[in-house]
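**Q** Pasting a structure below so you can have a look.
Numbering (the numbering used here), first residue to last: 1 to 366.
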């Protein structure tokens, strides 16, 4: 294949070609200027008349500045914002760093506390990590009592326990799940604060935090179908009480509805519930060695029939659902029978006593 010179297109003189090139350059210049002008107007609208200027800003390094990166901002937009506040020396340098790292799509919107005179690499690392939210994350485990919930909240928020107890008793926190006595005590709130993981503002008050837990419990309870409980003669609050017994007694998830069936069956027959967790609650302990079935308390289900007067712990959603939909069974007894927390369920007292003896022989029970 020979390399022959390509003749100029017919009808296009050297002068014409030169004019065309100039025209292309001019049009390209107009496009660049137009794009820069548009960017300047967009960023400038948020930061001021001079925000679109990508030239280095004469700012003393080390000064703290709050930078807002808007959602949907491009790497070019962010570069101009940073340069306009003196965080980086120039928009161009930062944009080059972003493109070199292939990080254009990983810069996160939000409010940042930065300092002037940072290197592009340092700023890039911060913007990829994302803003530090001014919130606290608090986890309330299922089965905690009100006193334990208050302890967790106070420990993780820095607020005084007294502030939480005051909010529970002075009417600052409300619920639709029960009526309170005229002079309520913190225990009246047992079982009405939903266990979950929450994000709270660092400036949140004790009352607003507790109201969030209370409102969440209302929402979870309202989302459960309580028709089976109502057919058995229980109202919704009593359903929550029953759910707290399940939460306190069950460690193996599959057994929740079976334990619920035992409670329903015993209530229907007028039998004492004889639930150990209620006795421990009456004694204000969690230690099995402190168990005393002779304690004189309405929470002692070895002594008093029916459900205890309030929940004994904060039930989670699974316990609420089990309380509302018990298994259809003939069981009236259960006993701890394995180290994983599972139980043996029995229909008759003789079967139950045999299961108790076996659990003791295997060292599961003392």
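Quick reminder that beta carbons are idealized off the backbone N, C-alpha and C, glycines included.
Quick check on residue 257: does DSSP put it in helix, strand or coil?
**A** Residue 257 falls in the helix class under three-state DSSP.
**Q** So, under 8 Å CB-CB, residue 59 and residue 116 are touching, yes? Tell me the CB distance rounded to an integer number of Å.
**A** Between residue 116 and residue 59 the Cβ distance is about 5 Å, and since that is below 8 Å, they are a contact.
**Q** I'd like to confirm the pairing. Which residues does DSSP put opposite residue 137 in its beta bridges?
**A** DSSP lists 199 as partners of residue 137.
**Q** For the pair the region 223-239 and the region 315-324, tell me if three or more CB-CB distances fall below 8 Å.
**A** Counting Cβ pairs under 8 Å, three or more are found: they touch.
**Q** Between which residues of its own chain and residue 173 is the CB-CB distance below 8 Å, once the five residues before and five after are set aside?
**A** Excluding positions up to five away in sequence, the list reads 167, 189, 207, 210, 211 and 214.
**Q** Could you tell me the distance, in whole angstroms, from the CA atom of residue 289 to the CA atom of residue 142?
**A** The alpha-carbon atoms of residue 289 and residue 142 are separated by roughly 23 Å.
**Q** Give the DSSP-derived three-state secondary structure of residue 302 in the structure shown.
**A** DSSP places residue 302 in coil when its eight states are reduced to three.
**Q** For the beta strand (DSSP E) containing residue 208, name the first residue and the last one.
**A** Segment 206-222 is the alpha helix (DSSP H) holding residue 208; no beta strand (DSSP E) there.
**Q** Leaving out the 5 sequence neighbours to the left and right, which residues in its chain are closer than 8 Å to residue 147 when beta-carbon positions are compared?
**A** These residues qualify, in order along the chain: 186.
**Q** Using beta-carbon positions only, say whether residue 136 and residue 111 come within less than 7 Å of one another.
**A** Result no, Cβ atoms of residue 136 and residue 111 do not sit closer than 7 Å.
**Q** If you reduce the DSSP assignment to three classes, tell me which class residue 25 lands in.
**A** Low local confidence applies: a pLDDT of 37 at residue 25 is under 50, so the model's placement there is unreliable, with the coordinate-based value given in what follows. Three-state result, residue 25: helix.
**Q** Output needed for residue 302: all residues of its chain with C-beta closer than 7 Å, excluding positions within five of it in sequence on either side, in chain order.
**A** Within the same chain, residue 302 has close Cβ partners 272, 274, 279 and 293.
**Q** Run through DSSP, which three-state label would residue 280 get?
**A** Three-state DSSP puts residue 280 in a helix.
**Q** Which of the three DSSP states is assigned to residue 67 in this structure?
**A** DSSP places residue 67 in strand when its eight states are reduced to three.
**Q** The beta strand (DSSP E) that contains residue 363, what's its start and end?
**A** Neither: residue 363 is in no beta strand (DSSP E) and is coded neither H nor E.
**Q** How many angstroms separate the CA atom of residue 43 from the CA atom of residue 197?
**A** Note on residue 43: pLDDT 40, under 50, position unreliable in the model; the coordinate value appears next. C-alpha separation (whole angstroms): 38 Å.
**Q** Would you identify the three-state DSSP class for residue 113, choosing helix, strand or coil?
**A** Strand.
**Q** Considering only residues of the same chain and omitting the five flanking positions on each side of residue 104, which have a CB-CB separation below 6 Å?
**A** Contacts found: 75 and 98.
**Q** When the Cα of residue 183 is compared with those of 113, 170 and 336, which residue comes out closest?
**A** Closest by alpha carbon: 170.
**Q** Starting from residue 79 and walking both ways along the alpha helix (DSSP H), at which residues does that stretch end?
**A** Where residue 79 is concerned, the enclosing alpha helix (DSSP H) stretches over 75-84.
**Q** How many angstroms separate the CA atom of residue 324 from the CA atom of residue 201?
**A** So the alpha carbons of these two residues sit roughly 34 Å apart.
**Q** Helix or strand or just coil, what does DSSP make of residue 351?
**A** In this structure, residue 351 counts as helix in the three-state DSSP scheme.
**Q** Consult DSSP for residue 31 and reduce its assignment to one of helix, strand or coil.
**A** Note that residue 31 scores a pLDDT of 38, beneath 50, so its modelled location is shaky; the value from the coordinates is reported in the next line. Here residue 31 sits in helix by DSSP.
**Q** For residue 361, count neighbouring Cβ atoms within 10 angstroms of its own Cβ and tell me buried if that reaches 16, exposed if not.
**A** By the neighbour-count rule (16 or more Cβ atoms within 10 Å), residue 361 is not buried but exposed.
**Q** I think residue 354 touches residue 337, with their Cβ atoms under 8 Å apart; what is that distance to the nearest whole Å?
**A** Wrong, their Cβ atoms sit about 11 Å apart, outside the cutoff.
**Q** Classify residue 191: buried if its beta carbon has 16 or more other beta carbons within 10 angstroms, exposed otherwise.
**A** Classification for residue 191: buried.
**Q** Tell me which same chain residues have a C-beta within less than 6 Å of the C-beta of residue 300, skipping the five on either side of it?
**A** Taken in chain order, the residues that qualify are 279 and 282.
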